[in-house]
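**Student:**
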């Protein structure tokens, strides 16, 4: 199983070689695949306190990006690279959104290992990497322990993360209360 996951990640590595990458990182259920769909133009509808795709953007690579409904089982099994164009300072540029499997998936260490290796392989030959860390409401529990653990995990495979945290973007998704938002602003 590990070999198959690593082979799939290798495909993403080849697709992003020499390209600009938006790397989405987060725990299982943080919303990485949902954000990928949104950035690519998919539309959504509300369904039992969640959102589900209503229309899928016409991008072939997006067909492999599935949105899950579980906080412990990631639908995303390997790094997927999806090309998308954004207008930057008036110029149309192509970026590759890398949707990654969630950390803390309960299916075993090989999933975590394949996730980290797939991320490292995908970014090592990219021209530019824009890391985006997604956190859902669970990261504020245990005095922000999950938040700190995610930052430690990222720092372990992106050595410059600890000293260059301003290069990262942070998105807080799903279920944040007014008190949580105040705590983030006060920190």
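Numbering (the working numbering), first residue to last: 5 to 191. We treat Cβ as the ideally placed atom computed from N, Cα and C, and that holds for glycine. On a predicted model such as this, the values are computed, not experimentally measured, just so you know.
(1) Output needed for residue 63: all residues of its chain with C-beta closer than 8 Å, excluding positions within five of it in sequence on either side, in chain order.
(2) Assign residue 157 to one of three DSSP states: helix, strand, or coil.
(3) Using alpha carbons as the reference points, say which of 139, 159 and 160 lies closest to residue 30.
(4) Excluding the 5 residues flanking residue 157 on each side, which residues of the same chain have their C-beta closer than 7 Å to its C-beta?
(5) Along the chain, which unbroken stretches of the beta strand (DSSP E) at least 3 residues long are found entirely within the segment 8–68?
(6) If I follow the unbroken alpha helix (DSSP H) through residue 116, where does it start and stop?
(7) How many Å lie between residue 148 and residue 155 at the Cα?
(8) Per DSSP, which residues does residue 135 bridge with? Please list them.
(9) In or out: residue 33 buried (at least 16 other Cβ within 10 Å) or exposed?
(10) So, is residue 101 buried or exposed, given that buried needs 16 or more other C-beta atoms within 10 angstroms?
**Tutor:** To lay it out plainly:
(1) For residue 63, where only same-chain residues beyond five positions count, the Cβ hits under 8 Å are 44, 45, 86, 87 and 88.
(2) If DSSP states are grouped into helix, strand and coil, residue 157 belongs with the helices.
(3) Checked all of 139, 159 and 160; the closest Cα to residue 30 is 139.
(4) Cβ within range, chain order: 107.
(5) Qualifying beta strand (DSSP E) stretches, in chain order: 24–30, 47–51 and 54–59.
(6) First-last of the alpha helix (DSSP H) with residue 116: 113–128.
(7) Residue 148 and residue 155: Cα-Cα distance of roughly 11 Å.
(8) 27.
(9) Burial is judged here by how many other beta carbons sit within 10 angstroms of a residue's own beta carbon; residue 33 has at least 16 and is buried.
(10) Residue burial annotation: residue 101 is buried, with at least 16 other C-beta atoms found within 10 angstroms of its C-beta.
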